[in-house]
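Colleague: Have a look at this one.
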Amino acid sequence: MTVDSLEGTRLKHFEVVRLLGRGGMARCTTATTPRWNARWPSRSGARTGHDPEVVERFEREARAQARLRHPNVAQIYFIGEDRGVHFS
801 MTVDSLEGTR
811 LKHFEVVRLL
821 GRGGMARCTT
831 ATTPRWNARW
841 PSRSGARTGH
851 DPEVVERFER
861 EARAQARLRH
871 PNVAQIYFIG
881 EDRGVHFS
């Protein structure tokens with residue numbers, strides 16, 4: 801599974817709806833949480849499970865973004881991994 805092919809798949813309790821854009825470290829997607837019937841922005845990294853340094857950098861960036869509070873910055877509520885894809 802690649803991040804670019806995540807549309808329509810499920811990561812933990814999120815369903816990836818569509819790709820919004822790409823950056824240097826991650827892809828931004830729209831994801832839903834069927835239990836709450838809500839849509840959220842989601843940040844998905846490449847298959848980083850084999851490189852601990854890349855995983856740590858991805859998680860460090862997600863934790864830093866989670867501390868930000870601004871109307872133009874997506875809020876991070878969850879950091880996880882499913883089938884080798886790290887996401888927040």
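With the sequence shown counted from 1, adding 800 to any position gets you my numbering.
Where a beta carbon is used, it is the ideal one built from N, C-alpha and C, also for glycine.
1) Thinking C-alpha only, which one of 886, 822, 805, 818 is nearest residue 853?
2) Can you tell which of 807, 805, 828, 835 has the C-alpha that lies nearest to the C-alpha of residue 888?
3) CA-CA distance, residue 883 and residue 809?
4) With distances taken from CA atoms, which of 839, 817, 868, 863 is nearest residue 878?
5) Would you kindly work out how many angstroms separate the C-alpha atoms of residue 851 and residue 866, rounded to a whole number?
6) Looking at residue 826: is its Cβ nearer than 8 Å to the Cβ of residue 840?
Modeller: So, from the data block:
1) Here residue 853 refers to the residue found at position 53 when the sequence shown is read from its first residue. Residue 853 has its Cα closest to that of 886, out of 886, 822, 805, 818.
2) Stepping through the sequence shown from its first residue, residue 888 is reached at position 88. If we check each option's Cα against that of residue 888, 828 comes out closest.
3) Here residue 883 corresponds to residue number 83 of the sequence shown, with the count starting at 1. Here residue 809 corresponds to residue number 9 of the sequence shown, with the count starting at 1. Rounded to the nearest whole angstrom, the C-alpha separation of residue 883 and residue 809 is 11 Å.
4) Position 78 of the sequence shown, counting from 1, holds the residue named residue 878. Nearest neighbour of residue 878 by Cα position, chosen from 839, 817, 868, 863, turns out to be 863.
5) Position 51 of the sequence shown, counting from 1, holds the residue named residue 851. Position 66 of the sequence shown, counting from 1, holds the residue named residue 866. Straight across, the Cα-Cα distance linking residue 851 with residue 866 is about 23 Å.
6) In the sequence shown, the residue the question calls residue 826 occupies position 26. In the sequence shown, the residue the question calls residue 840 occupies position 40. Contact: no.
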